[in-house]
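Peer 1: In our numbering, the protein residues as written are 47 to 198.
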Amino acid sequence: MVREEYIFDPNISIQREQYLTNQLLAYNQTHSAALPIEHVDPSPLQITVLDPTGMVLGGLVGRTHAIPQWFEISIVWIDEALRQHGLGRRLMMEAEREAQQRGCRYARVTTSDFQAPGFYQRLGYILYGKLENCPPGEAVFYLWKNLHAKNA
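(1) Would you mind sorting Thr110 into buried or exposed? The rule is 16 or more other CB atoms within 10 Å of its CB.
(2) Which whole-angstrom value describes the C-beta separation of Arg151 and Asn192, a residue pair presumed to lie in contact below a C-beta threshold of 8 Å?
(3) What does a CB cutoff of less than 6 Å around Leu106 pick up in its chain, not counting 5 residues either side in sequence?
(4) Return the bridge partner residues of Pro90 from the DSSP annotation.
(5) Which value, in whole angstroms, describes the spacing of the CA atoms of Glu144 and Pro88?
(6) Work out the CA separation of Leu189 and Tyr174 for me, nearest whole Å.
(7) Using a Cβ-Cβ cutoff of less than 7 Å, which residues in the same chain neighbour His194 once the five nearest sequence positions on both sides are dropped?
(8) Taking all protein chains shown into account, decide if Tyr166 is buried (16 or more other Cβ within 10 angstroms of its Cβ) or exposed.
(9) In whole angstroms, what separates the C-alpha of Leu128 from that of Gly100?
(10) Can you give me the C-alpha to C-alpha distance between Phe60 and Gln130, rounded to a whole angstrom?
(11) Label Tyr65 either buried or exposed according to how many other C-beta atoms from any shown protein chain fall within 10 Å of its C-beta, with 16 as the threshold for buried.
(12) Would a C-beta distance cut-off of 8 Å place Ile119 and Ala153 closer than the cut-off?
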């Protein structure tokens with residue numbers, strides 16, 4: 047149905063978001079046999095590294111994704127004084143183990159060139175994309191990993 051007049055509403059509406067989600071899911075179901083019949087909301091996954099007093103030394107924030115079998119990592123941070131001592135590796139291993147227990151087979155992460163693309167690559171993550179000048183003069187790297195690979 048084509049109309050001459052439209053309203054583009056920037057106001058946030060949970061109901062509209064749910065409607066749009068349901069419409070996209072219905073469309074996807076008719077076009078992809080790989081998607082599950084029932085929609086599963088993303089589940090948060092958070093692991094925090096604490097010292098014995100409870101002070102936060104680092105952590106990871108992510109989610110086991112609504113796209114089946116994917117673990118999406120949003121934030122990884124370790125206190126600078128504790129880097130290069132294996133704490134980040136242990137944190138990632140713990141998060142990947144939890145994601146696998148939730149049924150995930152793959153993980154993905156986005157990082158900047160001034161952050162840690164080499165760190166993720168040493169953990170078996172594979173570069174699948176790079177966006178230049180985001181922010182200007184920098185680059186963003188998109189990496190993924192098969193959590194069931196022999197060297198995972």
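A virtual CB, placed ideally from N, CA and C, is assigned to each residue, including glycine.
Peer 2: Let's see:
(1) buried
(2) 7 Å
(3) Ile93, Val122, Leu137 and Ala141
(4) Arg109
(5) 14 Å
(6) 6 Å
(7) Arg151
(8) buried
(9) 16 Å
(10) The amino acid occupying residue 60 in the given sequence is Ile; Phe does not appear at that position. Distance between the alpha carbons of Ile60 and Gln130 is about 43 Å.
(11) exposed
(12) yes
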